[in-house]
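To keep things clear, I will list the structure first and then write my remarks on it.
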Amino acid sequence: MVASPLANRRNILYNKDMSKKSKQKQKFIYEKDLDNYYELHNDAVDRLVDADEDNVPEVGEAELKQYKSSKLSKIPMWIRALFIKFWFNGAVCFFFLWGLSLFLQNVWDQILVVGFAMGVVTDLLVNNVFRFLADEPNANNKWMMIPQKRFWTIFVNIIYAYAVLSLVVLTYQGINLLITGGTLDEYNFGNFLGVEPFLFGLFYLLFDMLFIGIKDGIVEAVRKVKEARTLKKQQTAAAEGSPDDAAAEAQMPFDETAEPAPPQTVTIVQQVVHTSSKKKHKKKK
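So this is what it looks like as structure tokens:
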């Protein structure tokens with residue numbers, strides 16, 4: 010059945026009308042959404058503007074892992090920290106102790122070079138790697154003996170490396186003395202348990218973490234003592250009133266835009282004004 014030209018004309022007009030209505034409806038929805046766009050996000054914007062360290066909600070470690078980009082970043086930091094320290098310790102043993110053994114025959118010369126290398130590597134490489142991997146500033150300070158980044162820290166790290174290295178040497182000596190029954194040559198690492206990167210890195214890591222743990226414990230104890238003293242001072246000042254605050258308030262200039270006085274002060278002022286007005290009224294009579 011062939012449609013008549015009139016029917017075709019009606020269909021065309023109907024389709025145009027429906028298309029026009031659809032466009033108007035879409036435009037209305039778009040304009041409505043555009044008008045309400047900022048209203049829908051007012052709360053989020055306010056929270057973002059008012060955000061600081063005090064009102065930021067705590068986010069769990071599991072949720073933070075979802076936004077980490079690489080597989081390496083999903084590994085716990087303590088595992089990465091121990092591996093980094095262990096690897097650099099072994100590398101120093103490999104390159105300096107083994108690499109220079111043909112040139113440095115004396116054990117004390119080897120200890121001098123290895124201790125210096127450990128201090129320099131710790132200050133320039135290991136600590137900077139920890140700072141780079143930190144999710145926020147000072148987050149990895151607990152893995153460093155000297156977390157500060159100053160010109161003098163390299164000298165302190167070298168001295169610290171000699172202290173740790175001396176314990177590593179004594180550990181080798183003690184183990185070999187136990188094995189041989191006290192028949193070692195003087196000033197020798199040991200003839201049975203030799204020095205190699207794996208055990209050297211492990212021994213150095215154990216003593217390093219022992220000292221860092223002691224340091225972190227002392228720092229945490231001092232911090233808690235300071236916080237307790239500060240809290241006690243604040244409680245005392247709130248209960249008794251601080252004389253410094255009273256003197257500062259007495260020296261403050263008059264401010265017309267300041268908030269009204271407390272109710273007790275206002276009541277006293279009103280009584281004084283009321284008494285003076287009564288006296289003036291009696292004089293007039």
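The opening residue of the sequence shown carries number 10 in the working numbering; numbering runs sequentially from there. All C-beta atoms, glycine included, are put in the ideal place defined by N, C-alpha and C.
Excluding the 5 residues flanking it on each side, Val123 has same chain C-beta neighbours closer than 8 Å at Val101, Cys102, Phe105, Leu106 and Leu174, in chain order.
Here Pro146 carries a coil assignment [DSSP, helix/strand/coil]. For Ile167, the uninterrupted alpha helix (DSSP H) segment begins and ends at Thr162 to Thr189. With respect to the 8 Å criterion, Ile221 and Met127 are not classified as neighbours on the basis of their beta carbons. Here Asn98 really is in contact with Phe209; their C-beta atoms are around 7 Å apart, less than 8 Å. About 7 Å separates the CB atoms of Ile188 and Leu202; that is less than 8 Å, so the two are in contact. Judged by DSSP in its simplified three-state form, Gly203 adopts coil rather than helix or strand. For Tyr169, same chain residues with a beta-carbon under 6 Å away, outside a window of 5 residues either side, are Met154 in chain order. Val204 and Trp96 have their C-alpha atoms spaced approximately 15 Å apart. For a cut-off of 8 Å, the C-beta gap from Val138 to Ile93 is around 6 Å, short enough to register as a contact. Taken in chain order, the unbroken stretches of alpha helix (DSSP H) that lie wholly in the region 79-107 and span 4 residues or more are 86-101.
Looking only at Leu176, Pro85 and Glu236, the smallest Cα-Cα distance to Asp144 is reached by Pro85. Taking the Cα positions, Trp87 is about 19 Å away from Phe207.
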